[in-house]
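Written below as structure tokens is the structure these notes are about.
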Amino acid sequence: MKFIDVLFCDDIRLELNNKVSIMGLYNDRIVFRSSDKSKLEWPIKMDLSMLVRFSLRKNDKHPINFIFECFSNENSIVKIDGTTDLATCVGSVFSLVLKTKNINLELGDLGYLFKIYDKDNEYLSKVNKNALTVLAE
């Protein structure tokens with residue numbers, strides 16, 4: 003298995019014919035805009051979706067379980083664990099769609115930890131402590 007990336011967005015929808023629609027894709031920052039920044043009350047609750055992508059080569063062991071954890075300034079704000087469904091694998095790229103509700107975002111860095119396990123509990127791991135920056139303008 004090879005890790006590709008994690009895409010952060012507002013929502014992800016699974017469409018017919020194995021298509022994925024991504025709404026409100028964030029590049030390197032989430033910006034909260036207000037005419038008066040002092041009126042923004044932190045933490046700000048928001049729904050956030052993630053598309054985790056990795057590739058499977060012909061002889062790779064198949065993933066069974068995963069853990070995905072998000073951090074706001076290195077404080078855990080959400081932890082999702084579950085099983086994988088290889089039926090959603092199209093070609094060599096495998097995607098996990100993860101959705102959260104009402105997570106608490108603070109100003110600063112938004113990071114993640116991703117681990118995926120095969121039947122022998124061997125895993126692929128990826129950590130990115132500053133995947134996005136949360137700002138107020």
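Note that our numbering has the sequence shown beginning at 3, numbered continuously upward. C-beta atoms are modelled at their ideal positions from N, C-alpha and C, and glycine is treated no differently.
Distance from the CA of Asp87 to the CA of Arg15, rounded to the nearest whole angstrom, comes to 16 Å.
For Ser40, the three-state secondary structure derived from DSSP is helix. Boundaries of the beta strand (DSSP E) around Tyr114: Gly110 to Asp120. Taking each of His64, Leu137, Val99 and Lys103 in turn and checking the Cα distance to Asp7, the smallest one comes out for Val99.
Secondary structure of Asn67 (DSSP, three-state): strand.
In this structure, DSSP gives Asn77 an extended state, which the three-state scheme calls strand. Ranked by Cα distance from Val80, the options Leu137, Asp62, Phe96 and Lys101 are led by Lys101.
In summary, Val33 is exposed, with fewer than 16 beta-carbon neighbours lying within 10 Å of its beta-carbon over all protein chains present.
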